[in-house]
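**Q** Structure below; questions to follow.
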Amino acid sequence: MEAGKTPRRLFRLVLVKPSHYDDDGYVIQWFRSPIPANSLACLYGIASAVARTDALGDNIDLKIDAIDETNRRVRPERIARSIAAADCGLVMLVGVQSNQFPRALDIAAALRSKGVTVGIGGFHVSGTLAMLPEIEPNVQKALDLGAFVFAGEAEEGRLEEVLRDAIAGNLKPVYNHMADLPGIERVPTPHLPAEVVRRTFGENSSFDAGRGCPFQCSFCTIINVQGRKSRRRSPDDIERIVRDNAAQGILHFFITDDNFARNKDWEPIFDRLIKLREEDGINIRLIIQVDTLCHRLPNFIEKAARAGVKRVFIGLENVSPDNLEAAKKKQNKITEYRKMLLAWKTARVITYCGYILGFPNDTPERIERDIRVIQEELPVDLLEFFFLTPLPGSEDHKKLWLAGAWMDPDLNKYDLNHAVMRHPLMSQDEWEGAYRRAWEIYYSDEHVERVLRRAAATGNSVGQALFVLNWFIGSIRIEGIHPLECGLVRLKHRRDRRPGLPVEPAFTFYPRFWAETVSKQVRWLWLWGRMRRVYHAIKRDPNRRAWRDTALTPVADDDTETLGIFQSGEAKAYVERERKLARIRTGAA
1284 MEAGKTPRRL
1294 FRLVLVKPSH
1304 YDDDGYVIQW
1314 FRSPIPANSL
1324 ACLYGIASAV
1334 ARTDALGDNI
1344 DLKIDAIDET
1354 NRRVRPERIA
1364 RSIAAADCGL
1374 VMLVGVQSNQ
1384 FPRALDIAAA
1394 LRSKGVTVGI
1404 GGFHVSGTLA
1414 MLPEIEPNVQ
1424 KALDLGAFVF
1434 AGEAEEGRLE
1444 EVLRDAIAGN
1454 LKPVYNHMAD
1464 LPGIERVPTP
1474 HLPAEVVRRT
1484 FGENSSFDAG
1494 RGCPFQCSFC
1504 TIINVQGRKS
1514 RRRSPDDIER
1524 IVRDNAAQGI
1534 LHFFITDDNF
1544 ARNKDWEPIF
1554 DRLIKLREED
1564 GINIRLIIQV
1574 DTLCHRLPNF
1584 IEKAARAGVK
1594 RVFIGLENVS
1604 PDNLEAAKKK
1614 QNKITEYRKM
1624 LLAWKTARVI
1634 TYCGYILGFP
1644 NDTPERIERD
1654 IRVIQEELPV
1664 DLLEFFFLTP
1674 LPGSEDHKKL
1684 WLAGAWMDPD
1694 LNKYDLNHAV
1704 MRHPLMSQDE
1714 WEGAYRRAWE
1724 IYYSDEHVER
1734 VLRRAAATGN
1744 SVGQALFVLN
1754 WFIGSIRIEG
1764 IHPLECGLVR
1774 LKHRRDRRPG
1784 LPVEPAFTFY
1794 PRFWAETVSK
1804 QVRWLWLWGR
1814 MRRVYHAIKR
1824 DPNRRAWRDT
1834 ALTPVADDDT
1844 ETLGIFQSGE
1854 AKAYVERERK
1864 LARIRTGAA
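Residue numbers (my numbering): 1284 to 1872.
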């Protein structure tokens, strides 16, 4: 070191995206996990930009490690040693959702016991600070551990502020930026190293092209955490994200915008992605999320397909207008469902539709009736079922909280796959039984063959449809995990069990785990073999392109008189109301 120069110091920043516990108390983890969290990529990208500058001081070297616990074991003792070997350091538990908060607290407690500085951010902290009049008890537990919490987003120097405070030993207990959401154009873009992305099945990465949603769904946390105003990245930003990832061989992306169709720059972004694919030969594949009115946007679906969209997630939520209205989901119009889904089918894009069970008017009989109508009349590929859940940060949660209504105190269950509140018409057993029955009905052998035949009849890839159908069936029947949480080959670590549950003896844990693993892989192979026979029968059928059913028939003026989706009392009332509104609009014109 030259005389008069300040010695350089190493600051180690460890970013951890926690998983959560299964019903047996083991961390949900895979050899190859689903798509990595965008929050982890955002924080890594921002921190990397800080590391390339002297923002923390000209004598600070910032080293960053990113851990996605769904595919990499978190070892607090090793993290503590790595930070102790540096001059200073910090662990940030990022993007922590409500169901991941208990796991985050357990990781934080283990690290704090070793003297490590820990911060927790994400939707649970942000949502509860934005919506509740007091600190939520689990957030208070984090503060009691000596961890700090971060609400809001980390762009526009907010991560730098935390890092500088950590270096100075002057961290605040609460960083609350919910009243001032940052712009996300021309700021450091989401990025993860290839070694992190390659731990996912299919080497998928993720990024957000925009944040915020204009709608008011009462069960949603997005509008209260990311706001209702559209904030978006520029087409230049998106091109940089794609090119940076393509340079390390990553070509598959999930665009995490809650509703990409409401991104005001959707068209210039698609145009840029089309250019990258068609002129520059970068063969990207995309998954996006949209609303049920996206087909009304001229060229949206056509350009989405050209831009590389292969799968689209649609918040269908329900087919009963009264349920949709109760959830403030008035933008979902059942009269548009078939038109919208047929448009995606024509574009050869696989559709995933979210469907919520447990609206106030639901009963087991009504749920089953509606699912069978969907099977017969809507060309949906995959239906994903969720319990209506009062997620902390949503209007539903705030109302129940203020009313003192019962909600399950275990945040680990707030994953949309457990019933965590009372239902006015169903007992807990009836509600949970209706949830299990929904999966059985929709993914029956008869309907799976129907979905594959629809794919063949419309020129879509039967193989791709078969892959995602099998993934969903196996996730539920074999792994006992919701398909959105399922990965490739489940991992369990004997000592990574939820505190309060016993650590199993090695001589019983490992034989059972390996027997379970082998059994599951055999069942997966049997499922693939059985469904492969259906696939070959369809491919060999010379009349496969001529096959038709009700769902594939073109939309007609008399659909509201003939289709079952419109025959319930609430649907008839809705259709009549829409007709009156149309007559009023026509008269006003």
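Ideal Cβ placement from N, Cα and C applies to all residues, glycine included.
Since Q1312 is in the beta strand (DSSP E), which residue starts that stretch and which ends it?
**A** Unbroken beta strand (DSSP E) run through Q1312: 1312 to 1315.
**Q** Can you tell which of A1449, R1395, F1384, R1827 has its C-alpha closest to the C-alpha of C1371?
**A** That would be A1449, whose Cα lies nearest to the Cα of C1371.
**Q** Taking contact to mean at least 3 C-beta pairs separated by less than 8 Å, is the region 1449 to 1458 in contact with the region 1509 to 1519?
**A** Because the criterion of three Cβ pairs below 8 Å is not met, the region 1449 to 1458 and the region 1509 to 1519 do not touch.
**Q** Look at the alpha carbon of W1830 and the alpha carbon of A1739, and state the distance between them as a whole number of angstroms.
**A** For W1830 and A1739, the distance between alpha carbons rounds to 8 Å.
**Q** So, at 7 Å on beta carbons, what are the nonlocal neighbours of A1872 in its own chain, with the 5 sequence-adjacent residues on each side left out?
**A** Legend: pLDDT at A1872 = 48, less than 50; position of this residue unreliable, value from coordinates given subsequently. Within the same chain, A1872 has no close Cβ partners at all.
**Q** State the Cα-Cα distance for the pair P1476 and L1774, rounded to the nearest angstrom.
**A** If I take the Cα positions, the gap works out to 23 Å.
**Q** Per DSSP, what kind of secondary structure is C1371 in: helix, strand or coil?
**A** Strand at C1371.
**Q** Compute the Euclidean distance between the alpha carbons of L1556 and R1545, then round it to the nearest angstrom.
**A** Distance between the alpha carbons of L1556 and R1545 is about 17 Å.
**Q** If we ignore side chains and look at the alpha-carbon of each, how far apart do N1342 and F1294 end up?
**A** Spanning the two alpha carbons is a distance of roughly 10 Å.
**Q** Once the 5 residues before and after G1757 are set aside, which same chain residues still bring their CB inside 7 Å of it?
**A** Closer than 7 Å at the Cβ level, and outside the excluded window around G1757, lie W1807, L1810.
**Q** Tell me the DSSP secondary structure of Y1857 in three-state form.
**A** Y1857: helix per DSSP, three-state reduction.
**Q** Going by other Cβ atoms of all chains shown within 10 Å of its Cβ, with 16 needed for buried, is H1881 buried or exposed?
**A** Examination of residue 1881 is not possible in this model, given that the chain is present from 1284 through 1872 alone.
**Q** For a quick check, are the C-beta atoms of E1438 and I1329 less than 9 Å apart?
**A** The answer is yes: Cβ separation under 9 Å.
**Q** Report all residues from its chain with a CB closer than 6 Å to the CB of K1628; omit the five preceding and five following residues, and keep chain order.
**A** Taken in chain order, the residues that qualify are P1662, T1741.
**Q** Please name the residue in D1554, M1461, F1543, S1677 whose C-alpha comes closest to that of R1515.
**A** It is F1543.
**Q** May I ask whether a heavy atom of the ligand SAM can be found less than 8 Å away from the beta carbon of F1484?
**A** Of the ligands one can find in the structure shown there are none, so the ligand SAM has no counterpart to examine.
**Q** So what does DSSP say about C1483, is it helix, strand or coil?
**A** Per the sequence presented here, residue 1483 reads as Thr, with Cys not at that position. Three-state DSSP puts T1483 in a strand.
**Q** Using only alpha-carbon positions, find the residue among G1440, A1688, M1814 that is nearest to R1736.
**A** When only C-alpha atoms are compared, the closest one is M1814.
**Q** Of all the options E1844, F1670, D1344, which has the alpha carbon lying nearest to the alpha carbon of P1290?
**A** Measuring from the Cα of P1290, the nearest candidate turns out to be D1344.
**Q** Extract the residue ranges of the alpha helix (DSSP H) inside the region 1461 to 1511, only unbroken runs of 4 or more that lie entirely within it.
**A** With a minimum length of 4 residues, the continuous alpha helix (DSSP H) runs that stay inside the region 1461 to 1511 are 1477 to 1480, 1505 to 1508.
**Q** If you compare alpha carbons, which of V1479, S1517, T1646 is closest to Q1531?
**A** Nearest C-alpha to Q1531: V1479.
**Q** Could you spell out where the beta strand (DSSP E) holding G1298 opens and where it closes?
**A** Reading the sequence as shown, one finds Leu at residue 1298 and not Gly. Here the beta strand (DSSP E) through L1298 covers 1292 to 1300.
**Q** With DSSP as the reference, identify every bridge partner of M1814, one or two as the case may be.
**A** For M1814, which the question treats as bridged, DSSP gives no partner whatsoever.
**Q** Give the straight-line distance between the Cα atoms of N1700 and E1522, rounded to the nearest whole angstrom.
**A** Those two C-alpha atoms are separated by around 36 Å.
**Q** Considering only DSSP beta bridges, list what A1434 is partnered with.
**A** Bridge partners of A1434: N1459.
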